[in-house]
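Going by numbering that gives the first Met the number 0, the sequence shown opens with residue 0, and the numbers climb by one from there.
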Amino acid sequence: MDHRFDMPLASLQDARKRYGAIAALDGVDLELRGGQVLALLGANGAGKTTAISLLLGLVEPDAGQVRLFGRDPRELAARQGVGVMLQSGAIVETLTVAELLDLTRSYYPDPRSVEDCAAIAGLDGLLKRRYGALSGGQQRRVQFALAICGRPRLLFLDEPTTGLDIEARQGLWRGLRELVAAGTSVLLTTHYLEEAEALADRVVVLAGGRVVADGSLDEVRARVDQRRIRCRTTLDAAEVARWPQVRAANRDGGRLEVVADAAEDVVRRLLAADPALSGLDVSRAGLAEAFLEITRDAPLKEAA
0 MDHRFDMPLA SLQDARKRYG AIAALDGVDL ELRGGQVLAL LGANGAGKTT
50 AISLLLGLVE PDAGQVRLFG RDPRELAARQ GVGVMLQSGA IVETLTVAEL
100 LDLTRSYYPD PRSVEDCAAI AGLDGLLKRR YGALSGGQQR RVQFALAICG
150 RPRLLFLDEP TTGLDIEARQ GLWRGLRELV AAGTSVLLTT HYLEEAEALA
200 DRVVVLAGGR VVADGSLDEV RARVDQRRIR CRTTLDAAEV ARWPQVRAAN
250 RDGGRLEVVA DAAEDVVRRL LAADPALSGL DVSRAGLAEA FLEITRDAPL
300 KEAA
């Protein structure tokens with residue numbers, strides 16, 4: 000019997016946190032179990048960073064319970080099992096990348112080698128360079144390497160690929176998949192919904208400090224029954240966007256992309272309006288559309 004999923008590695012139970020008049024978290028329940036990659040999604044101010052700060056013991060909840068490996072997250076025994084990559088952090092800019100890795104490795108009983116950290120994070124050619132002389136994207140890759148060098152059971156990644164180009168982002172994805180395949184669990188926040196689709200097997204959406212969706216990618220997509228229609232046509236996107244049941248219409252080169260509540264009537268009208276239409280493809284709308292729909296009518300944070 001597989002016991003990986005018996006106990007949550009990290010959890011919030013009815014967690015509440017206010018900053019003055021702002022309810023950053025308003026009764027949030029959240030669990031991350033072994034073997035999972037959980038994407039925590041939400042617009043700016045939704046409560047994502049506050050949730051991570053509570054789980055890491057960086058701030059205390061006003062009410063509710065926080066557990067990390069079944070312990071208070073401020074306990075050293077709990078913190079030793081995590082790796083952390085936050086949006087900002089104090090890193091000594093005068094040290095080289097190799098020196099930073101050696102320093103961070105010294106905090107752990109069984110760290111990865113410098114070479115392994117560099118390979119997973121894509122730091123080839125950067126080990127002898129000073130951290131402060133690196134580009135923003137290179138610094139993010141170093142931060143990822145520092146987060147994984149202690150062989151964490153649980154990895155917290157807060158907007159890990161901000162500032163990375165597409166090639167570097169995909170490289171980090173490959174490194175992350177290697178870690179997950181080896182047994183690391185991940186809590187990921189990201190503004191890139193394609194990143195959540197590429198990496199996560201579970202999604203939690205926050206809005207106004209509350210959980211508004213929680214489930215697998217397919218379950219969250221199923222919260223909205225929208226369809227994405229793609230075709231080659233000369234029809235004007237702005238005109239199509241005004242049709243009944245159409246949520247949005249945009250042109251990408253010679254292709255028109257339409258998001259609609261139901262496909263049949265819209266497809267029928269497209270074909271009638273342009274008999275020369277070609278390359279028709281209809282699919283379920285993606286996570287981006289589901290995210291926008293779920294959060295569209297979410298309640299605003301309450302004032303004190």
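Think of the CB as a built atom: it goes at the ideal place given N, C-alpha and C, for glycine as much as any other residue.
Candidates the options, of which the one nearest residue i by Cα
{"i": "Ile51", "options": "Leu286, Leu163, Leu187", "result": "Leu187"}
{"i": "Asp123", "options": "Ala97, Leu216, Gly131", "result": "Ala97"}
{"i": "Glu225", "options": "Phe290, Ala195, Ala181", "result": "It should be noted that the sequence gives Gln, not Glu, for residue 225. Comparing Cα positions, the closest option is Phe290."}
{"i": "Phe143", "options": "Leu133, Ser134, Leu154", "result": "Leu154"}
{"i": "Ile21", "options": "Gly44, Leu31, Leu100", "result": "Gly44"}
{"i": "Asp71", "options": "Leu55, Ala180, Arg129, Gly46", "result": "Leu55"}
{"i": "Tyr106", "options": "Ala76, Leu133, Val185", "result": "Ala76"}
{"i": "Ala321", "options": "Trp242, Ala272, Gly252", "result": "Since the displayed the chain opens at 0 and closes at 303, residue 321 lies outside it and no answer follows."}
{"i": "Gly41", "options": "Val204, Ala240, Asp200", "result": "Val204"}
{"i": "Ser134", "options": "Cys116, Thr161, Arg111", "result": "Thr161"}
{"i": "Arg233", "options": "Asp200, Gly214, Glu263, Ala271", "result": "The residue you asked about is not Arg; residue 233 is Thr in the sequence shown. With distances taken between Cα atoms, Thr233 lies closest to Ala271."}
{"i": "Val81", "options": "Met6, Leu125, Val185, Gly19", "result": "Val185"}
{"i": "Arg32", "options": "Tyr18, Asp200, Leu125", "result": "Asp200"}
Same chain, Cβ closer than 7 angstroms to residue i, neighbours up to 5 away in sequence not counted
{"i": "Asp28", "result": "Leu11, Gln12, Asp13, Val210"}
{"i": "Thr103", "result": "Leu145, Cys148"}
{"i": "Asp157", "result": "Thr48, Ile51, Met84, Leu85, Gln86, Thr188"}
{"i": "Arg15", "result": "Leu24, Asp25, Gly26, Pro60, Asp61, Ala62, Gly63"}
{"i": "Val265", "result": "Ile228, Trp242, Gln244, Val245, Val257, Ala259"}
{"i": "His2", "result": "The predicted position of His2 is uncertain, since its pLDDT is 41 and thus under 50; no value can be drawn from it."}
{"i": "Met6", "result": "Gly69"}
{"i": "Leu53", "result": "Leu11, Ala14, Lys16, Pro60, Val65"}
Expected contact under 8 angstroms - CB spacing of residue i and residue j to nearest Å
{"i": "Ala9", "j": "Leu67", "result": "5 angstroms"}
{"i": "Arg152", "j": "Thr183", "result": "7 angstroms"}
{"i": "Asp109", "j": "Arg150", "result": "6 angstroms"}
{"i": "Arg227", "j": "Ser282", "result": "5 angstroms"}
{"i": "Val113", "j": "Leu100", "result": "5 angstroms"}
{"i": "Glu246", "j": "Ala259", "result": "As written in the sequence, residue 246 is Arg, which differs from the Glu given in the question. Arg246 to Ala259, Cβ: 6 angstroms. Contact."}
{"i": "Leu192", "j": "Leu175", "result": "Contact flag wrong, Cβ pair sits at about 16 angstroms."}
{"i": "Leu171", "j": "Pro159", "result": "6 angstroms"}
Short CB-CB distance (under 8 angstroms) between residue i and chain C
{"i": "Arg15", "result": "Among the chains in the structure shown there is no chain C, since it carries only a single protein chain."}
Cβ neighbours of residue i in the same chain (closer than 8 angstroms, five flanking residues each side left out)
{"i": "Leu131", "result": "Residue identity check: residue 131 is Gly in the sequence provided, not Leu. Closer than 8 angstroms at the Cβ level, and outside the excluded window around Gly131, lie Glu92, Thr93."}
{"i": "Arg250", "result": "Ala236, Glu256"}
{"i": "Lys127", "result": "Thr95, Val96, Ala97"}
Beta-carbon proximity list for residue i, same chain, < 6 angstroms, skipping 5 on both sides
{"i": "Gln79", "result": "none"}
{"i": "Leu279", "result": "Cys230"}
{"i": "Gly46", "result": "Ala23, Leu24, Leu205, Gly208"}
{"i": "Glu30", "result": "Pro7, Ser10"}
{"i": "Glu238", "result": "none"}
Examine the Cβ distances between the region 73-93 and the region 135-144 and report whether three or more of them are shorter than 8 angstroms. yes
For the region 195-263, which segments carrying the alpha helix (DSSP H) assignment without a break, of at least 4 residues, lie completely within its bounds, in sequence order? 216-220, 236-240
Determine contact between the region 113-122 and the region 158-177, defined as no fewer than three beta-carbon pairs at a distance below 8 angstroms. yes
Within 8 angstroms, do at least three Cβ pairs link the region 33-44 to the region 53-62? no
Ignoring anything shorter than 3 residues or poking outside the region 68-143, list the beta strand (DSSP E) runs there in chain order. 81-84
Which complete alpha helix (DSSP H) runs does the region 18-73 hold, if anything under 4 residues is left out? 47-54
Inside the region 150-194 only - alpha helix (DSSP H) runs reaching at least 4 residues: 165-180
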